[in-house]
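Trainee: Same order as they appear, the protein sequences are chains R and G. Quick note on numbering: my numbering labels position 52 of the first sequence as 52, and the sequence is numbered without any gaps. Quick note on numbering: my numbering labels position 255 of the second sequence as 255, and the sequence is numbered without any gaps. Heads up, the beta-carbon is just placed ideally off N, CA and C, and yes, glycines get one too. Please read through the structure below; I'll follow up with questions.
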Amino acid sequence: MGALAIRNIHKTYNETVHILKGIDLEIDAGEFLILVGPSGCGKSTLLSMIAGLDHPTRGSIHIGEREVTHLPSKDRDIAMVFQSYALYPNMTVAQNIAFGLEIRKVPKDERKAAVDRVSAMLQIGHLLDRKPGQLSGGQRQRVAMGRALARDPKLFLFDEPLSNLDAKLRVEMRAEIKLLHQRTQTTTVYVTHDQVEAMTLGDRIAVMKDGLVQQFGTPNDIYNHPANRFVAEFIGSPAMNMVDAQRVGQALTAHGVELAITDAQRAAVQAHGSAELVYGLRPESIGFAATGLRGKLSMIEPTGPETYATVDTAAGKLTARVPGVLQAAVGDAVHLQWAAEQSHLFDRASGVRVG
Amino acid sequence: MNRLNFHRLILWSMLLLFAAWFLVPLYVMLITSLKDAEQLRSGNLLSLPAAPTLDAWFKAWGSACTGVQCEGLKPFFWNSMVMVVPAVLLSTLIGSLNGYVLSKWKFRGSETLFAFMLFGVFMPMQVVLLPMSQVLGWLGVASSIWGLMLVHVVAGIPSTTLFFRNYYIGLPDELIKAAQLDGAGFWMIFRRIVLPLSLPILVVTLIWQFTNIWNDFLYGVVFSGADSKPITVGLNNLANTSSAVKEYNVDMAAALIAALPTLFVYVVAGKYFVRGLTAGAVKG
Numbered sequence: 001m002g003a004l005a006i007r008n009i010h011k012t013y014n015e016t017v018h019i020l021k022g023i024d025l026e027i028d029a030g031e032f033l034i035l036v037g038p039s040g041c042g043k044s045t046l047l048s049m050i051a052g053l054d055h056p057t058r059g060s061i062h063i064g065e066r067e068v069t070h071l072p073s074k075d076r077d078i079a080m081v082f083q084s085y086a087l088y089p090n091m092t093v094a095q096n097i098a099f100g101l102e103i104r105k106v107p108k109d110e111r112k113a114a115v116d117r118v119s120a121m122l123q124i125g126h127l128l129d130r131k132p133g134q135l136s137g138g139q140r141q142r143v144a145m146g147r148a149l150a151r152d153p154k155l156f157l158f159d160e161p162l163s164n165l166d167a168k169l170r171v172e173m174r175a176e177i178k179l180l181h182q183r184t185q186t187t188t189v190y191v192t193h194d195q196v197e198a199m200t201l202g203d204r205i206a207v208m209k210d211g212l213v214q215q216f217g218t219p220n221d222i223y224n225h226p227a228n229r230f231v232a233e234f235i236g237s238p239a240m241n242m243v244d245a246q247r248v249g250q251a252l253t254a255h256g257v258e259l260a261i262t263d264a265q266r267a268a269v270q271a272h273g274s275a276e277l278v279y280g281l282r283p284e285s286i287g288f289a290a291t292g293l294r295g296k297l298s299m300i301e302p303t304g305p306e307t308y309a310t311v312d313t314a315a316g317k318l319t320a321r322v323p324g325v326l327q328a329a330v331g332d333a334v335h336l337q338w339a340a341e342q343s344h345l346f347d348r349a350s351g352v353r354v355g
Numbered sequence: 001m002n003r004l005n006f007h008r009l010i011l012w013s014m015l016l017l018f019a020a021w022f023l024v025p026l027y028v029m030l031i032t033s034l035k036d037a038e039q040l041r042s043g044n045l046l047s048l049p050a051a052p053t054l055d056a057w058f059k060a061w062g063s064a065c066t067g068v069q070c071e072g073l074k075p076f077f078w079n080s081m082v083m084v085v086p087a088v089l090l091s092t093l094i095g096s097l098n099g100y101v102l103s104k105w106k107f108r109g110s111e112t113l114f115a116f117m118l119f120g121v122f123m124p125m126q127v128v129l130l131p132m133s134q135v136l137g138w139l140g141v142a143s144s145i146w147g148l149m150l151v152h153v154v155a156g157i158p159s160t161t162l163f164f165r166n167y168y169i170g171l172p173d174e175l176i177k178a179a180q181l182d183g184a185g186f187w188m189i190f191r192r193i194v195l196p197l198s199l200p201i202l203v204v205t206l207i208w209q210f211t212n213i214w215n216d217f218l219y220g221v222v223f224s225g226a227d228s229k230p231i232t233v234g235l236n237n238l239a240n241t242s243s244a245v246k247e248y249n250v251d252m253a254a255a256l257i258a259a260l261p262t263l264f265v266y267v268v269a270g271k272y273f274v275r276g277l278t279a280g281a282v283k284g
């Protein structure tokens, strides 16, 4: 059994509002699980249930060998970092960190040792006597992590911990969380709506929408084999190009343009019932070439290391992501090329991956 | 510049005028209480005491007649103290617990319950007089200091609950959740997290309750027994006890004695009072 197992979790309010509609997830000890999805997808509700702050209508949650579905938070051996940090304003940093240990009647010298250990790890030793009100956002974030680390819990929970920080600090703290996890190897569940955080931090990602897990896999799986159109569009920036396509005989066309597909995809399309499909291409899969799909440059967005170029083609608008600076101007005629293996096919009605 | 000065002048004169207007009664009370009977008879209300004396104060405190007994306000003052202090502390404590539950441990129907409690804030005191005396009779505490204390605690709970509940709504729920994850229970969270963050509203509620209960006359006159009358009732009796000559200096001194404790509380804790009324959410 894994370190955390979530079995068929349902949550219904007032018997009419279905927040979670059957969630199944399982991770091994030491893994970093990301719950990601747009707001309202149920990810925070699920985290609250793992934390014991909310209870499922149906289903069960296991931490290690124990079923904890209806156990109070304090008996679950977990620690959580909140979005607002939730530091106790009336206590100093040291008292904040030691509070959980104090409640659990850990002797004073052990508490002090724990505070020293985590404050050294997070470089907050010089802040121990301050009150949370005197700290900056990044410092509060560290203290909140320190409070969670001090207890050495079996499971670490993060609820959008970086969303209150500015962009630069967010990247720094993201790296810090990753380093921390590599060092402590504590099983972690991390909720975010930021796909970059999801990809960079996660060992496994659960992409959620409308109370259901859309896909559960490694970042590589999620990015390269999205299970459906929603996942394909949610992960990746700029988003995957999506072109409405029809099966015509053996071929796949969009507005008369034949789209490149592999033999395996051809077979999958033939086996698939519907002829109405969506053809997906990641922007970085598309390159400029001397021949290929003809189009006109309609927008150029340089970011420095790479450039996003939007091209109007007969098949539709396509965004290409090319390295460096693009030596072209808006209005230029260009040719786009890509490899058939880079394409993704989805059913147009259901959004499910076809090939 | 001249224009500005002119406006300043108008502003200051108005403010001084109003201040004088409101302070004149206090001035009259103070100087009258320091005059002797002789000077009172001369009839000049605003003149300063010719030979200031504390005789009227001593008499009001210790020997003025309130009806048939002539022991001054002293027994009433102590009745009030003994009754007010526990009543204030109890109603404040219960209010803060209620507020904590109604804001952080909501249950099915807790909002409705709160709405009903709000009725208590706006309910006229007279409405409860008869039913309350019935209840006090059943409980066997009618006409005693305990009964009066109970009435004040019960009557104070709606407003203290309202104060604390609205203050605690501003405390982030995540604080409570974090404490739960740290292993703290209902009481531990209240004692270690919520109460220490309550100082501003605690001061406001204490002043509010102290002033209300100390100054109450209606419950005091209705529910107290012969030996448990509060100071407001004592003052009333003292002023209404007719003697040959009306001793205004003693009446004024007695009124000032009755007002001193609330004045004292304002002076000591007033700045917290203003700060508490305007305090926003606690920033974590």
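Put R:Phe-346 into one of helix, strand or coil per three-state DSSP.
Mentor: Note: R:Phe-346 maps to strand in three-state DSSP.
Trainee: Which residue or residues does DSSP assign as beta-bridge partners of G:Val-182?
Mentor: A quick correction: the sequence has Asp, not Val, at residue 182 of chain G. In DSSP, G:Asp-182 forms no bridge with anything.
Trainee: Using the C-alpha atoms, what's the distance from R:Gln-214 back to R:His-225?
Mentor: Each residue's Cα considered, the two are about 12 Å apart.
Trainee: Against R:Met-80, what residues of chain G qualify as contacts under a CB-to-CB distance less than 8 Å, listed in chain order?
Mentor: The contacting residues are Lys-177, Ala-178, Leu-181.
Trainee: For R:Asn-164, would you say it is in contact with chain G, using Cβ-to-Cβ distances shorter than 8 Å as the test?
Mentor: Taking Cβ atoms only, chain G never reaches closer than 8 Å to R:Asn-164, which makes this a no.
Trainee: Could you tell me whether any Cβ in chain G is nearer than 8 Å to the Cβ of R:Arg-73?
Mentor: Looking at the sequence provided, one finds Ser at residue 73 of chain R rather than Arg. It does; some Cβ of chain G falls within 8 Å.
Trainee: So, helix, strand or coil for R:Asn-241, using DSSP?
Mentor: Correct three-state label for R:Asn-241: strand.
Trainee: Is there a Cβ from chain R that is less than 8 Å from the Cβ of G:Met-188?
Mentor: It does; some Cβ of chain R falls within 8 Å.
Trainee: What does R:Gly-100 touch in chain G if you count any residue whose Cβ is under 8 Å from its own?
Mentor: The contacting residues are Leu-181, Asp-182, Gly-183.
Trainee: Could you check where the alpha helix (DSSP H) with G:Phe-107 kicks off and where it finishes?
Mentor: Note, G:Phe-107: premise wrong, no alpha helix (DSSP H); not H, not E.
Trainee: For the alpha helix (DSSP H) holding G:Lys-290, just list the boundary residues, first then last.
Mentor: The structure shown does not extend to residue 290 of chain G, since chain G is modelled only from 1 to 284, so the question has no answer here.
Trainee: Using a C-beta cutoff of 8 Å, does R:Asn-90 count as contacting chain G?
Mentor: Chain G contact via Cβ: present.
Trainee: With a floor of 3 residues, list each beta strand (DSSP E) that falls wholly inside the stretch 124 to 185 of chain R, ordered by position along the chain.
Mentor: List check, beta strand (DSSP E) in window: 155 to 159.
Trainee: My understanding is that R:Tyr-279 touches R:Leu-259, with C-beta atoms under 8 Å, so please give their C-beta distance in whole angstroms.
Mentor: With a Cβ gap of about 5 Å, R:Tyr-279 and R:Leu-259 count as contacting.
Trainee: Output the boundary residues of the beta strand (DSSP E) element that contains R:Gln-83.
Mentor: It is not in any beta strand (DSSP E) - R:Gln-83 carries neither H nor E in the DSSP assignment.
Trainee: Is G:Ile-257 closer than 8 Å to G:Trp-61 when the C-beta atoms are compared?
Mentor: Yes, they are a contact pair.
Trainee: DSSP beta-bridge partners for G:Gln-69?
Mentor: According to DSSP, which records beta bridges pairwise, G:Gln-69 is partnered with G:Thr-66.
Trainee: Which of the residues in the stretch 102 to 120 of chain R, read from start to end, lie with their CB under 9 Å from any CB of chain G?
Mentor: Cβ contacts with chain G: Glu-102, Ile-103, Arg-104.
Trainee: How would you label G:Gly-280, buried or exposed, when you count the other beta carbons within 10 angstroms and need 16 or more for buried?
Mentor: Unreliable placement is indicated for G:Gly-280, whose pLDDT of 42 sits below 50; no coordinate value is reported for it.
Trainee: Does the beta carbon of R:Ala-320 come closer than 8 Å to any beta carbon on chain G?
Mentor: False, the Cβ-Cβ gap to chain G never drops below 8 Å.
Trainee: Taking only beta-carbon positions, decide if G:Leu-197 is within less than 8 Å of chain R.
Mentor: Yes, because at least one Cβ of chain R sits closer than 8 Å to the Cβ of G:Leu-197.
Trainee: Below 7 Å on C-beta distance, what does G:Glu-174 contact in chain R?
Mentor: Ordered by position in chain R, the residues that pass the 7 Å Cβ test against G:Glu-174 are Phe-82, Ser-84, Ala-86.
Trainee: Is R:Glu-67 buried or exposed, if buried means 16 or more other CB atoms sit within 10 Å of its CB?
Mentor: R:Glu-67 is exposed by the Cβ-count criterion.
Trainee: Within 10 angstroms of its Cβ, does R:Phe-216 collect 16 or more other Cβ (buried), or is it exposed?
Mentor: R:Phe-216 should be labelled buried.
Trainee: To which residues of the same chain is R:Ile-205 closer than 7 Å at the C-beta, ignoring the five residues directly before and after it?
Mentor: Excluding sequence neighbours, R:Ile-205 sits near Ile-34, Val-36, Ala-198, Gly-217, Pro-219, Ile-222.
Trainee: For the putative contact between R:Phe-99 and G:Asp-182, defined by C-beta atoms under 8 Å, what is the C-beta separation to the nearest angstrom?
Mentor: Right, their Cβ atoms sit about 5 Å apart.
Trainee: What's the C-alpha gap between G:Leu-93 and G:Ser-80?
Mentor: Near 20 Å, if we compare the C-alpha coordinates of G:Ser-80 and G:Leu-93.
Trainee: Are the C-beta atoms of G:Ile-193 and some chain R residue less than 8 Å apart?
Mentor: Cβ-Cβ to chain R under 8 Å: yes for G:Ile-193.
Trainee: Give me the subset of the stretch 47 to 59 of chain R whose CB atoms are less than 7 Å from a CB atom of chain G, sorted by chain position.
Mentor: Answer set for the stretch 47 to 59 of chain R: Ala-51, Leu-53.
Trainee: Span of the beta strand (DSSP E) holding G:Ser-47?
Mentor: Here G:Ser-47 belongs to no beta strand (DSSP E), and DSSP marks it neither H nor E.
Trainee: Please state if the CB of R:Gln-246 and the CB of R:Glu-276 are separated by a distance shorter than 8 Å.
Mentor: In this structure, R:Gln-246 lies closer than 8 Å to R:Glu-276 by Cβ.
Trainee: Leaving out the 5 sequence neighbours to the left and right, which residues in its chain are closer than 7 Å to R:Leu-201 when beta-carbon positions are compared?
Mentor: Phe-32, Ile-34, Arg-174, Ile-177, Lys-178, Tyr-190.
Trainee: Buried or exposed: where does G:Ser-96 fall if 16 or more other Cβ atoms within 10 Å of its Cβ makes it buried?
Mentor: So G:Ser-96 counts as buried.
Trainee: Between which two residues does the beta strand (DSSP E) containing G:Leu-130 stretch?
Mentor: Taken as a continuous stretch (DSSP letters only), G:Leu-130 belongs to no beta strand (DSSP E), being part of the alpha helix (DSSP H) at 129 to 139.
Trainee: Give the DSSP bridge partners of R:Phe-288, in chain order.
Mentor: Its beta-bridge partners are R:Leu-336.
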